[in-house]
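Protein sequence lines, in the order shown, are assigned to chains A and B.
Each residue of the first sequence is one higher than the one before, counting from 1 in my numbering.
Each residue of the second sequence is one higher than the one before, counting from 234 in my numbering.
A short worksheet on the structure shown next.
There are 2 protein chains.
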Amino acid sequence: MKKERFLYKEQTSILIAVDCIVFGFDQNELKLLIFKREVEPLAGKWSLIGSFIKPDESINEAAQRVLSELTDLQNTYMEQLYCFGDINRDAGGRVISVAYWNLMKIDPLNDRIQVRNHTAKWVTLDKVPELVLDHKEMVSRAIQTLKERAQHQPVVFELVPEEFTLPQLLKAYEAVFQKRIDDRNFRKKILGSGLLKATDKKDKTTSRKGSFMYKLDRNTCKKLLKEGYNFEI
Amino acid sequence: MKKERFLYKEQTSILIAVDCIVFGFDQNELKLLIFKREVEPLAGKWSLIGSFIKPDESINEAAQRVLSELTDLQNTYMEQLYCFGDINRDAGGRVISVAYWNLMKIDPLNDRIQVRNHTAKWVTLDKVPELVLDHKEMVSRAIQTLKERAQHQPVVFELVPEEFTLPQLLKAYEAVFQKRIDDRNFRKKILGSGLLKATDKKDKTTSRKGSFMYKLDRNTCKKLLKEGYNFEI
DNA sequence: TCAAAAGTGTTATTACTACACCCATGT
DNA sequence: ACATGGGTGTAGTAATAACACTTTTGA
Numbered sequence: 001m002k003k004e005r006f007l008y009k010e011q012t013s014i015l016i017a018v019d020c021i022v023f024g025f026d027q028n029e030l031k032l033l034i035f036k037r038e039v040e041p042l043a044g045k046w047s048l049i050g051s052f053i054k055p056d057e058s059i060n061e062a063a064q065r066v067l068s069e070l071t072d073l074q075n076t077y078m079e080q081l082y083c084f085g086d087i088n089r090d091a092g093g094r095v096i097s098v099a100y101w102n103l104m105k106i107d108p109l110n111d112r113i114q115v116r117n118h119t120a121k122w123v124t125l126d127k128v129p130e131l132v133l134d135h136k137e138m139v140s141r142a143i144q145t146l147k148e149r150a151q152h153q154p155v156v157f158e159l160v161p162e163e164f165t166l167p168q169l170l171k172a173y174e175a176v177f178q179k180r181i182d183d184r185n186f187r188k189k190i191l192g193s194g195l196l197k198a199t200d201k202k203d204k205t206t207s208r209k210g211s212f213m214y215k216l217d218r219n220t221c222k223k224l225l226k227e228g229y230n231f232e233i
Numbered sequence: 234m235k236k237e238r239f240l241y242k243e244q245t246s247i248l249i250a251v252d253c254i255v256f257g258f259d260q261n262e263l264k265l266l267i268f269k270r271e272v273e274p275l276a277g278k279w280s281l282i283g284s285f286i287k288p289d290e291s292i293n294e295a296a297q298r299v300l301s302e303l304t305d306l307q308n309t310y311m312e313q314l315y316c317f318g319d320i321n322r323d324a325g326g327r328v329i330s331v332a333y334w335n336l337m338k339i340d341p342l343n344d345r346i347q348v349r350n351h352t353a354k355w356v357t358l359d360k361v362p363e364l365v366l367d368h369k370e371m372v373s374r375a376i377q378t379l380k381e382r383a384q385h386q387p388v389v390f391e392l393v394p395e396e397f398t399l400p401q402l403l404k405a406y407e408a409v410f411q412k413r414i415d416d417r418n419f420r421k422k423i424l425g426s427g428l429l430k431a432t433d434k435k436d437k438t439t440s441r442k443g444s445f446m447y448k449l450d451r452n453t454c455k456k457l458l459k460e461g462y463n464f465e466i
């Protein structure tokens with residue numbers, strides 16, 4: 001194989017990259033963050049956000065850096081997804097990519113502020129355009145893992161504000177599990193679990209009646225985790 | 234590939250390795266396969282089996298190679314576990330390791346034949362010795378993942394022969410979930426699920442009465458997987 | 001007064017847990 | 001005949017699923 005196989009730079013071995021599958025929830029739908037790839041080959045095509053790793057950072061740090069360079073939100077949920085290592089997965093040379101997935105809340109008023117890179121945008125999961133390389137596969141694996149994780153870990157709470165209403169939380173559940181959930185059964189299970197602490201505040205932005213706000217009870221949460229609680233409804 | 238592109242010695246950037254956490258079941262206990270590390274630093278210490286990846290193989294292929302170089306069993310269950318990328322995880326330089334975990338049956342009559350490398354041995358999970366680098370962390374993460382996976386995928390069946398008895402399968406379940414399981418409830422759930430196809434054979438090696446042999450019904454299995462069946466007892 | 005979202009209970013079904021004795025067989 | 005492991009059933013409890021109407025309030 002000839003030299004053009006390595007387009008990024010002179011490279012005798014294997015390059016390592018990270019890519020982030022960033023899921024955002026805008027109180028309504030799950031969305032994916034994509035942006036226009038800046039480097040050749042395939043510059044200008046839609047892509048996940050990513051970067052080569054630097055010699056002095058761990059892979060986790062690299063993923064963190066990618067995210068904080070592109071968005072404003074800190075403390076987003078982040079988990080390693082999978083290491084993609086097929087030999088010809090990258091047209092630009094032998095590149096191994098460690099993929100991460102993230103959950104964040106999209107503030108509908110501020111979604112331009114949250115995302116720094118101006119070529120980046122949120123797309124709904126059923127309207128993801130063609131993505132470069134094996135990024136589509138990364139996304140479907142991430143969706144899969146998200147659903148699995150949401151059954152056993154309280155990750156859905158990463159999609160709603162610190163204080164949230166039950167209808168809000170229900171929508172997040174429905175977005176993650178991609179199914180309608182009966183709201184009486186939902187209330188019964190979630191309130192019965194002790195996972196939520198009631199507040200006396202009401203959110204009146206979505207209805208005249210207003211809806212009580214709750215927050216996650218982190219102590220009960222830890223306890224339920226130990227017992228292997230099923231967070232699915 | 235014309236000339237060696239991956240020269241370990243003159244590598245100035247980052248090396249990539251694979252390590253395999255191999256679990257074996259000897260009809261009684263879950264065991265871990267370890268061997269004496271052959272390369273410096275830390276040569277002679279107990280280690281997981283692993284290797285640097287070659288420039289012309291994918292990461293999955295590398296893990297497969299590591300396993301087939303060391304053992305005789307093909308078709309063992311193999312799944313990627315996690316990519317370990319801390320900056321100082323390897324005393325010998327910047328090495329990223331992609332860990333895989335495997336499940337296999339240990340044939341008690343043939344366990345020397347199954348494992349080719351003569352410094353390799355099976356150890357029970359509660360008696361794992363000190364391991365090099367971050368291999369202990371790899372093992373505990375693998376145990377964790379094994380338990381999670383066994384709840385949603387029929388991986389326990391990888392630990393028993395093609396045709397097995399219910400007491401055998403029960404022991405495998407107990408080994409994986411690390412708990413006693415009531416055998417009447419076990420039979421009720423497993424036979425009620427339709428997962429098993431009865432055969433008319435009896436295994437008389439463990440009792441005078443003999444125990445009926447079953448095999449996995451792969452069609453029912455697929456169906457249950459789609460429905461999100463819970464394989465835990 | 002009405003539109004729009006929030007909130008509330010019951011019943012039937014299903015899955016899970018706990019628990020103790022008889023069976024078949026080879027020696 | 002007996003020791004060994006294989007096999008069986010029931011009843012109480014907990015979780016889940018299906019289902020429709022009333023309440024609040026700002027406009």
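The C-beta atom is built at its ideal place from N, Cα and C for all residues, glycine as well.
Note that this is a predicted model, so its numbers are computed, not measured.
Would residue i pass as a contact of residue j if the rule is Cβ separation under 8 angstroms?
i	j	result
L392 (chain B)	L336 (chain B)	yes
I320 (chain B)	E57 (chain A)	yes
S211 (chain A)	D217 (chain A)	no
V156 (chain A)	V176 (chain A)	yes
F23 (chain A)	W101 (chain A)	yes
I14 (chain A)	G318 (chain B)	no
A375 (chain B)	L314 (chain B)	yes
S47 (chain A)	H118 (chain A)	no
D72 (chain A)	R37 (chain A)	no
K209 (chain A)	P161 (chain A)	no
A43 (chain A)	I53 (chain A)	no
Check whether the Cβ of residue i lies closer than 8 angstroms to any Cβ atom in chain B.
i	result
V123 (chain A)	no
Q80 (chain A)	yes
I233 (chain A)	no
I16 (chain A)	yes
S211 (chain A)	no
K9 (chain A)	Confidence at K9 (chain A) is low in this model, with a pLDDT of 47, below 50, so the placement of that residue should be treated as unreliable; the coordinate-derived value is given next. By this cut-off, K9 (chain A) is not an interface position.
S13 (chain A)	yes
L225 (chain A)	no
Quick one: what's got a C-beta closer than 7 angstroms to residue i's C-beta in the same chain, skipping five residues either side?
i	result
P341 (chain B)	D259, Q260
L7 (chain A)	Legend: pLDDT at L7 (chain A) = 45, less than 50; position of this residue unreliable, value from coordinates given subsequently. Taken in chain order, the residues that qualify are E40, P41, G92, G93.
V66 (chain A)	V18, C20, I49, G50, S51
D90 (chain A)	L133
E130 (chain A)	W46
A487 (chain B)	Absent from the model: residue 487 (chain B). The displayed extent of chain B is 234 to 466, so no value can be given.
For chain A, check one thing: does any of its Cβ atoms lie closer than 8 angstroms to the Cβ of residue i?
i	result
G318 (chain B)	yes
S284 (chain B)	no
F239 (chain B)	Interpretation of F239 (chain B) is limited by its pLDDT of 37, a score under 50 that renders its predicted location unreliable; the figure taken from the coordinates is listed afterwards. Cβ-Cβ to chain A under 8 angstroms: yes for F239 (chain B).
Could you pull out every residue in the same chain whose Cβ sits closer than 8 angstroms to the Cβ of residue i, ignoring the five residues on either side in sequence?
i	result
G68 (chain A)	It is Ser, not Gly, that sits at residue 68 (chain A) in the sequence shown. These residues qualify, in order along the chain: Q74.
E232 (chain A)	A150, Q151, F177
N230 (chain A)	Q151, H152
I190 (chain A)	L166, L169, L196, I233
S426 (chain B)	T453, L457, Y462
E137 (chain A)	F84
Short of 6 angstroms in beta carbon distance, which residues of its chain neighbour residue i, apart from the five on each side in sequence? Order them along the chain.
i	result
M213 (chain A)	E163, T165, T199, K201, D203
S97 (chain A)	A17, D19, F84
E174 (chain A)	I181
T357 (chain B)	E262, K264
- Message: Taking beta-carbon pairs under 9 angstroms, can you tell me which members of the segment 287-302 of chain B lie near chain A?
- Response: Legend: CB atoms of the segment 287-302 of chain B lying less than 9 angstroms from CB atoms of chain A belong to residues P288, D289, E290, S291, I292, N293, E294, A295.
- Report the residues of the segment 88-112 of chain A with a CB closer than 8 angstroms to any CB of chain B, ordered along the chain. R94, I96, V98
- Item | Complete runs of the beta strand (DSSP E) confined to the segment 146-222 of chain A [at least 3 residues] | List check, beta strand (DSSP E) in window: 163-165, 196-203, 211-216.
- Ranges of the beta strand (DSSP E) found wholly within the segment 263-309 of chain B, counting only runs of at least 3: 263-269, 282-285
- Would you list, in sequence order, the uninterrupted alpha helix (DSSP H) runs of no fewer than 4 residues that lie entirely inside the segment 79-140 of chain A? 111-114
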